[in-house]
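Position in the sequence shown (first residue = 1) + 115 = my numbering. C-beta: ideal position from N, C-alpha, C; glycine also. Below: one structure, written as structure tokens.
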Amino acid sequence: MIEKKRNIVIVGASRGIGLAVAEFYAAKGECIISVSRTRSSVGHWIEADISTLEGIRKVIDEISDKAIDALLYMGGIWESSAFTEEYDFEKTSFTETQSIINVNQLAPIELVKGLLANLRRAKNPRAIFMGATSGLELSTTSEVAYSASKFGLRGAVHSLRVGYKNEGIGFTTVNPGYVGTDEVLNDIESGESIGLIPIPMEDVIRAVDFVMQSSRNTDIGDIVLTQKFGRSPAVNH
Numbered sequence: 116m117i118e119k120k121r122n123i124v125i126v127g128a129s130r131g132i133g134l135a136v137a138e139f140y141a142a143k144g145e146c147i148i149s150v151s152r153t154r155s156s157v158g159h160w161i162e163a164d165i166s167t168l169e170g171i172r173k174v175i176d177e178i179s180d181k182a183i184d185a186l187l188y189m190g191g192i193w194e195s196s197a198f199t200e201e202y203d204f205e206k207t208s209f210t211e212t213q214s215i216i217n218v219n220q221l222a223p224i225e226l227v228k229g230l231l232a233n234l235r236r237a238k239n240p241r242a243i244f245m246g247a248t249s250g251l252e253l254s255t256t257s258e259v260a261y262s263a264s265k266f267g268l269r270g271a272v273h274s275l276r277v278g279y280k281n282e283g284i285g286f287t288t289v290n291p292g293y294v295g296t297d298e299v300l301n302d303i304e305s306g307e308s309i310g311l312i313p314i315p316m317e318d319v320i321r322a323v324d325f326v327m328q329s330s331r332n333t334d335i336g337d338i339v340l341t342q343k344f345g346r347s348p349a350v351n352h
């Protein structure tokens, strides 16, 4: 029996974790709907700035009444000098803080709200969000807006899991530390993150796919992935 292709919406699919996840599922033959400001090379691309209400509405309108098997919110931003010695909370602007909260916390909430009807139409619907160890009680960093947004995202996902426990929709947050994205690997190569052993991108994809392969009868909450260190400590992200 040939399995039906799943419709998977991936937010932040133009680079980093989002692009890697999109490529992984595209290679499996799934129907990918990529959402990002800059063009994604994978699937059907929706150009949208989800930091704005207009961008969120555009995504919801373009998906229309299509059944969505999974909403994978892989996007996220942080302060311009985050995770460096140059970071200074007192110098961060209101605009930057607002943008971080909009992208990391507000947009996921509003997209779920607008796409619940689409998720309900799937046999085993999943909504998976990319959190961070910065949003955990014992691992937060000094980046105020970023940490606040990831704490808030986890709280929202917990509430969705409680509020829709009888709907059959799985809500999960994957919380990684430093992941081996191109940016992180470049920092290591340049000597800015000496001793850091980043989490392989493949492990993050495996965590997402573990949730995606789980049955409708299994509810999966937080998944935490932390990196290892070599000769010297580096900040957890």
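Unbroken beta strand (DSSP E) runs of length 3 or more, entirely within the stretch 225 to 306: which are they? 241 to 245, 285 to 291
Thinking just about the alpha-carbon of each residue, which of T167, R130, E177 is nearest to the one in S155? R130
If contact is defined by three or more beta carbon pairs under 8 Å, each pair taking one atom from either stretch, is the stretch 242 to 253 in contact with the stretch 288 to 295? yes
Under the rule that 16 or more other beta-carbon atoms within 10 Å means buried, what is F266, buried or exposed? buried
Assess, as a yes-or-no matter, whether the stretch 220 to 228 is touched by the stretch 168 to 182 under the definition of 3 or more beta carbon pairs within less than 8 Å. yes
Any idea what DSSP makes of S156, helix, strand or coil? coil
Between the Cα of L230 and the Cα atoms of R121, E138, D184, V157, which residue gives the shortest distance? D184
List the whole-angstrom C-beta distance separating V294 from M316, where the pair is believed to meet the contact cut-off of C-beta under 8 Å. 6 Å
Between the alpha carbons of Y261 and E138, how many angstroms are there, rounded? 27 Å
Which residues DSSP lists as bridging I148, in chain order: V124, H159
For R235 and E282, the rounded distance between their alpha carbons: 7 Å
Using a Cβ-Cβ cutoff of less than 6 Å, which residues in the same chain neighbour C146 once the five nearest sequence positions on both sides are dropped? K120, N122
Closer than 6 Å by C-beta to V259: which residues in its own chain qualify, once you throw out the five before and the five after it? Chain order, please. F204
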